[in-house]
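Protein chains in written order, with the numbering used here: chain W, 1 to 269; chain D, 1001 to 1288. Backbone N, C-alpha and C define an ideal beta-carbon position, used for all residues, glycine too. Small disclaimer: the values here were computed from a predicted structure and weren't measured.
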Amino acid sequence: MKKLALYLILICAAVSFIYPFLWMAFISLRSVGDAGAGSFLSSFFTLQNYKAVFMEIPIGRALLNSAIVALSTTASVIFFSSLVGYALAKLRFNGRETVFMIVLLTMMIPGQLTLIPLYTLIVRLGWIDAYPALIAPWMISAMGILIFRQTFISIPDDLIEAARMEGCGELRILTSIFWPLSKPAMVTVGIITFMNSWNEVLWPMMVVRRQEMMTMPQMITTFSVGGQSGGELGVEMAASMLLIIPILAAYAFFQKYFIEGIASTGIKG
Amino acid sequence: MTTGDERKDAIGYAFTAPYILFLLVFTAYPLLFSFYLVFHSWDLITPPEYVGLKNFYFLMHDTDFWQALLNTLIFLAIHIPAQVVFSIMIAMALAEKIVAKTFFRAAFFLPVIISGAVVTILWAKLYSTDTGIFNQLLGLAGIAPVKWLTSTSLAMPSIAVMATWKNMGFYIVLFLAGLLNIPAHLYEVSKIEGTTRWQDFWHITLPLLRPTMLLVVVLSTFGAFSLFIEPYVMTGGGPLNSTMSVVLYMYKHAFLFQHMGYAATIGFALAAIILLVVLIQKKYLDSD
Chain W
1 MKKLALYLIL
11 ICAAVSFIYP
21 FLWMAFISLR
31 SVGDAGAGSF
41 LSSFFTLQNY
51 KAVFMEIPIG
61 RALLNSAIVA
71 LSTTASVIFF
81 SSLVGYALAK
91 LRFNGRETVF
101 MIVLLTMMIP
111 GQLTLIPLYT
121 LIVRLGWIDA
131 YPALIAPWMI
141 SAMGILIFRQ
151 TFISIPDDLI
161 EAARMEGCGE
171 LRILTSIFWP
181 LSKPAMVTVG
191 IITFMNSWNE
201 VLWPMMVVRR
211 QEMMTMPQMI
221 TTFSVGGQSG
231 GELGVEMAAS
241 MLLIIPILAA
251 YAFFQKYFIE
261 GIASTGIKG
Chain D
1001 MTTGDERKDA
1011 IGYAFTAPYI
1021 LFLLVFTAYP
1031 LLFSFYLVFH
1041 SWDLITPPEY
1051 VGLKNFYFLM
1061 HDTDFWQALL
1071 NTLIFLAIHI
1081 PAQVVFSIMI
1091 AMALAEKIVA
1101 KTFFRAAFFL
1111 PVIISGAVVT
1121 ILWAKLYSTD
1131 TGIFNQLLGL
1141 AGIAPVKWLT
1151 STSLAMPSIA
1161 VMATWKNMGF
1171 YIVLFLAGLL
1181 NIPAHLYEVS
1191 KIEGTTRWQD
1201 FWHITLPLLR
1211 PTMLLVVVLS
1221 TFGAFSLFIE
1231 PYVMTGGGPL
1241 NSTMSVVLYM
1251 YKHAFLFQHM
1261 GYAATIGFAL
1271 AAIILLVVLI
1281 QKKYLDSD
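Written out as structure tokens, the structure reads:
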């Protein structure tokens, strides 16, 4: 009896979380002439909505922009944050504790405070409608530094000493000993950074005006809000599907890292 | 040995130098410049003009700004209780011995990883007065269509419900971790004393979930004060400013009117309010 109630709650919840996305996928695949009529089963599935998206807006370019921005941000965050994390965990230098305190402090600054001044900086640098505006301000993350520091601290010092004896430089120690030993941390930082960058919409809407420079979230938002879609539901949903498919694919493979990474860092998209 | 120490110092500095440079340009400079901007009027084209405390004076008397804050409070008043109640309920169900636990967790978490832009566009369709699923379901029950997003009293609550749906998977996972941290022997003791499940929930589960509760409330508050794409897509801040969020209001001043000084002042005030609210919540939820 109790079990039944449990499963009822869980199944109802699961349906309510999944159904809207299924509906979206279904609408995006339905042929236009079919709108409104026909049941789920008798409907004729087609890719014509997807073709229409590519005809109506430069969505291919938006996908490319999103990929460039999210991948370079992720690569940069992993490299530079692990560099700092390594220094904080394993190198002894004057001011190390100060740097660590600064990392913690920056996490407490509400983003809303620096948003407008940061935008004026981008204008002055002449980066409006350019990739650096979308990448440079997010190249290193305090969250990444803390995760790497935490992971690296537990790696024994003997490994470093042995490598130094053999004449290994610190950078080599980081990339060829610490990185391979810290795969879960690297995947976690990588996934969270990629997801946040891929999904981000407010910042691109501030620094990008030209359609060719838009990333996916801004592209589909202006497509939907700007009335460009002409109220064609199927086309709008197809555009949205193109945005979520890469994230869904990553989620299918790295589900555990998504859930545990996001839950442990308190960062949500 | 000083040379060895100096070498170590040099490597430490070299490894942290990119971060320090990054911090100076993209955090410290904007932070300092925000203190400059709030005392100036600037349209990005003509030179900034010193205006003293005028921006703050306008802000105090700006009814639209206060409306945006009030809207955020309405959002929080619905979002936080709904979030806490449903997340705990589902987390408790997940904590039991059940099959397909991983599947359920993954399903609940799905909306968390999807871009807020997509979720909002999708829900705008679901909320549609004429064709949306909510009104279709109500129609089956013989209830007249509801103006989810076009009535001043319902638009903000509708956005709050959507945001709760989007983030719930995240909070379920947090509460689940909190539940699994509660030592099982505490419940054993209560079994001997013959207490009911409901009593156990009130006297053991809830008090021990308090740290998680604080985290959930604080994170929900941050989320509420960052609302932007939801009203931007669904309502444009309307009807009659009833869904105007503070960030959307700041965005409008910066990008519709080029009021950089005033937009920075809004951001400044918002940051101060966020810190204040979080401190109050922490004090209230931390004490016994």
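- At a beta-carbon threshold of 8 Å, the residues of chain D lying near A263 of chain W are F1170, V1173, L1174, A1177, ordered along the chain.
- Neighbours of A62 of chain W across chain D, judged by C-beta separation under 9 Å, do not exist; the nearest C-beta is about 12 Å away.
- Inclusion of S1220 of chain D and I1080 of chain D in the CB contact set at 7 Å is warranted, their separation being smaller than that value.
- The Cβ of T193 of chain W sits no closer than 7 Å to any Cβ of chain D.
- Proximity to T114 of chain W across D:I1098, D:E1096, D:L1031 peaks at D:L1031, based on C-alpha coordinates.
- The continuous stretches of alpha helix (DSSP H) do not include E212 of chain W, and DSSP gives it neither H nor E.
- Between I1078 of chain D and A1160 of chain D, the C-beta spacing is below 7 Å.
- Apart from sequence neighbours up to five positions away, the residues of its chain that approach L1174 of chain D with a beta-carbon distance below 7 Å are T1212, L1215, V1216, ordered along the chain.
- For W1066 of chain D, the enclosing alpha helix (DSSP H) has its first and last residue at 1063 to 1095.
- From the beta-carbon of P217 of chain W, the residues of chain D found nearer than 7 Å are S1115, A1117.
- For V201 of chain W, the closest Cβ of chain D is nearer than 7 Å.
- Linking L1179 of chain D to D1200 of chain D through their CA atoms gives a straight-line distance of about 13 Å.
- Listed as beta-bridge partners of E1049 of chain D by DSSP are D:S1041.
- Straight-line measurement puts the Cα of G95 of chain W at about 9 Å from the Cα of G1012 of chain D.
- In this structure, A1117 of chain D places its C-beta atom within 7 Å of the C-beta atom of I1229 of chain D.
- Taking the Cα positions, Q218 of chain W is about 37 Å away from A1014 of chain D.
- In this structure, W:L104 is the residue among W:N199, W:P20, W:F17, W:L104 with its C-alpha nearest to the C-alpha of G85 of chain W.
- Flagged as an interface residue toward chain D: Y251 of chain W, by a C-beta distance shorter than 7 Å.
- A distance of 7 Å or more separates the beta carbons of N1071 of chain D and M1260 of chain D.
- Close partners of F1104 of chain D in chain W (Cβ separation under 7 Å): L10, A14.
- Separation of the CB atoms of T1131 of chain D and P1239 of chain D is rounded to 19 Å, and the pair is thereby denied contact status at 8 Å.
- Residue nearest to H1040 of chain D within the set D:I1266, D:L1110, D:L1276, D:I1274 is D:I1266 (criterion: CA-CA distance).
- Under the rule that a run must span 4 or more residues, the alpha helix (DSSP H) segments found entirely inside the region 63 to 150 of chain W read 96 to 106, 111 to 125, 131 to 135.
- The beta carbon of Q255 of chain W falls within 7 Å of a beta carbon belonging to chain D, placing the residue at that interface.
- Under the Cβ criterion (8 Å, minimum of three pairs), the region 237 to 246 of chain W counts as touching the region 50 to 65 of chain W.
- Residue pairing by DSSP places R164 of chain W in no beta bridge whatsoever.
- Cβ contact annotation for E1049 of chain D (same chain, cutoff 8 Å, sequence separation greater than five): H1040, S1041, W1042, in chain order.
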